[in-house]
Structure formats: structure tokens, C-alpha cells
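Below is one structure; the comments refer to it alone.
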Amino acid sequence: QLQLQESGPGLVKPSETLSLTCTVSGGSISSSSYYWGWIRQPPGKGLEWIGSIYYSGSTYYNPSLKSRVTISLDTSKNQFSLKLSSVTAADTAMYYCARHGVAGATSFYYFDYWGQGTLVTVSS
Amino acid sequence: QSALTQPASVSGSPGQSITISCTGTSSDVGGYNYVSWYQEHPGKAPKLMIYEVSNRPSGVSNRFSGSKFGNTASLTISGLQAEDEGDYYCSSKRSSSTPLVFGGGTKLTVL
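Residue numbers (this note's numbering), protein chains in the order written: chain S, 1 to 124; chain C, 125 to 235.
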């Protein structure tokens, strides 16, 4: 059974960089069949797709966050990571990692496995 | 404000049926058959319940069904059970630089 687990600091100071890692078990992030993505949910608000990465390193980012987001992967550790720079209180949210299908496939448009999420608070 | 509009809350009694709507535009919900639905319980990973408007992943109860008419998609849960209580989110492909958009979520209460 595929499992995803987010990890990282729960508190980040304003203007600093938020860094999270998603560890994948029960499957390989080097598979050519999937993208690996990050989604967030601010308190009391809906979900927002942040971006996704393919095993080759190809990425898609939400244009509203693109200037501040970097998603990378470490195939040796079966992990992928999120960095969000210059954070503000508006970046306080539950952050999820998830798997979806390859670009160009219908499965690109839904996430079939998710992590439980990790809450990140931006505050001094 | 979320890209797709969902009611904030719905409720129903055990055994009843409820429907959650997800309204978008012709650039997302109305333009593609790529609507998906997710169930979220506190402290647990969100779960895919419906994909491509009406398809159920393996293991999801057939009490859950999806449909679409125009720019509005719907999730129907029949034979409501206490375990169905939780938050539900819709998602859709969008013909823009943001290929994936979500709804604001609906809290389902089983009375």
C-alpha cells in the first residue's frame, strides 16, 4: 500500500523559507507513471494546488505561487520536497503531499494517494 | 475565494441521500469530464471518492456517485451512514495556466 508522509518545521518566521519533505513508501517516485504534488489548505479555506514534479524533474507550478516555489526530488531517499520562500501569514496552512498521473493523461487531474498533512504556521 | 463553489454545509439523517454541488464555469467543470471528489476526515489523509465525474476507485462504496450537468457537478451519497460525516472537496481541470482547481469544501453532518 502506497503511503506518503509529510515532515518539516511546524513554525516558520515571516520572510523566511518554508521547507517540507514528503517521504514515499510502498512505491517508487522514480515511476514514469506518476507526478508527485503539493497541495495546501489555509485554516477555514479550500484546497489549493501548489505544484507537482515528475521523476525526470519536470515541474508544474501554480502561477500564483510560481515565483516563490521550488519542488525537487531525491530518488535515492524516495522523497520529494517543497520550498516556499518569503512566507507571510497568508502561507499558514495544512500542507499535503499527494500522487497523481502523468501530464497528458486523464489521471493527471486527480490525486489518488495523499499524506495526512502537516500544519505550518507562519509567525514571529 | 475558491475557484469552484460548494455549499458550506449539508446534513442528512442515516439512511437518507444527500447531494453536494460543485459549481464552476465552462473553463473548468463545464468544459471537461475531469471532476473529482475527495473525502476528508480530521487527522486523516484525504481520500479520492470519485474521479472523471462518475468513476469510483476500487474500494469506494457504491453509495457514492457523481454526475455533472452544465457547469455544475454533484456528489450524491445514498444510504447515509455515520462514517460518511466529514468534509468533501471537488476538483476540476481548468483551461488556464492553473491546470487544477479545487472547491472550498462542504461539511457533511450526519444527524
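The beta-carbon is built from N, C-alpha and C at its ideal position, and this holds for glycine as well.
Predicted, not measured: the structure shown is a model, and the values here were computed from it.
Look up residue i in the DSSP assignment and say whether it is helix, strand or coil.
| i | result |
| --- | --- |
| glutamate 48(S) | strand |
| glutamate 207(C) | helix |
| aspartate 253(C) | Absent from the model: residue 253(C). The displayed extent of chain C is 125 to 235, so no value can be given. |
| alanine 93(S) | strand |
| threonine 75(S) | coil |
| threonine 106(S) | helix |
| leucine 2(S) | coil |
| leucine 65(S) | coil |
| arginine 218(C) | coil |
| tyrosine 55(S) | coil |
May I ask you to list the residues that DSSP assigns as paired with residue i?
| i | result |
| --- | --- |
| histidine 100(S) | Tyr35(S), Phe111(S) |
| asparagine 179(C) | Tyr175(C) |
Check whether the Cβ of residue i lies closer than 8 Å to any Cβ atom in chain S.
| i | result |
| --- | --- |
| lysine 168(C) | yes |
| phenylalanine 226(C) | yes |
| proline 138(C) | no |
| glycine 229(C) | yes |
| threonine 222(C) | yes |
| serine 202(C) | no |
| glutamate 176(C) | yes |
Is the shortest distance between the beta-carbon of residue i and the beta-carbons of chain C less than 8 Å?
| i | result |
| --- | --- |
| asparagine 62(S) | yes |
| leucine 47(S) | yes |
| glycine 115(S) | yes |
| threonine 88(S) | no |
| threonine 118(S) | no |
| tyrosine 110(S) | yes |
| tyrosine 96(S) | yes |
| threonine 75(S) | no |
| threonine 106(S) | yes |
If residue i sits next to residue j, beta carbons under 8 Å apart, how far is it from one beta carbon to the other, in whole angstroms?
| i | j | result |
| --- | --- | --- |
| methionine 173(C) | phenylalanine 188(C) | 5 Å |
| glycine 228(C) | glycine 46(S) | 4 Å |
| isoleucine 271(C) | proline 131(C) | Residue 271(C) is absent from the structure shown; chain C starts at 125 and stops at 235. |
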